[in-house]
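Student:
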Amino acid sequence: PCIDGRDQLNCTSGSAAALTCAVENYATSITKLGLCTGFDICDDSIDEVCETPEYGCKVHKHTFCDGIKNCPFGGDEGIICNFMVSNLITCVRRVNYGYVAPKQIPVEWLCDGIVDCENGIDEDRTNWNVCGSLGHVKDALKEEDLVRKCIGV
C-alpha cells in the first residue's frame, strides 16, 4: 500500500467508495482507507477533515452521527450527537460510502468554509440568511431560525 493513501483512489465499488473529490482537477473516488491518512489527497483537503472522538480512533467528520459506529466504543455515535445534530438541516454528506440518503448535519457546518454537502448547500449564504460576514453561524444561529432544508438532493 502507498503511504499517502493514493492506492485508495478510483475505487469503482459504490459501497467501498467513501468520497468523490477533485484530485489534480480530476473527479476521483476514494475509499475509506484513503481518508484521514495525514496526507491531503483531494484538492480541497476534504479527505483530511478528521476528528478523534475517542482514544485511538480518528474518523472523518462526516461519519459523526451517521448511524454507523466507526470507533470501537461508538464515540462517533455517542452523546456527542445530542449536541451537534439538528433535525432541521439535512443533506447528502460528501463522505457517504455510497449511501446517498440525506442525513442530518450540525449547525456548525453551515458557512464554515468547508463544503460538507454534495450539492454545496451548506456553504450557500443565500440559503442561510443568518450567516454573518465571517460565517460564524454557530454563535448567532438559533434552532427556531432554521426553517429551510437542503434542496436538490
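Residue numbers (our numbering): 198 to 350. Heads up, the beta-carbon is just placed ideally off N, CA and C, and yes, glycines get one too.
Excluding sequence positions up to five away, which residues of its chain have a Cβ less than 6 Å from the Cβ of K266?
Tutor: Contacts found: E274.
Student: Determine, using beta carbons only, whether I276 and I302 come nearer to each other than 7 Å.
Tutor: no
Student: Quick one: Cα of D241 to Cα of F270, how far?
Tutor: 30 Å
Student: Ignoring anything shorter than 4 residues, give me the alpha helix (DSSP H) runs that lie fully in the segment 243-289, in order along the chain.
Tutor: 277-281
Student: DSSP on V304, reduced to helix/strand/coil?
Tutor: helix
Student: To the nearest whole angstrom, what separates the beta carbons of D244 and C218, a pair I think is in contact under 8 Å?
Tutor: 7 Å
Student: Using 8 Å for Cβ pairs, my map puts C268 next to C278. What's the rounded Cβ distance?
Tutor: Not confirmed; about 13 Å, so no contact.
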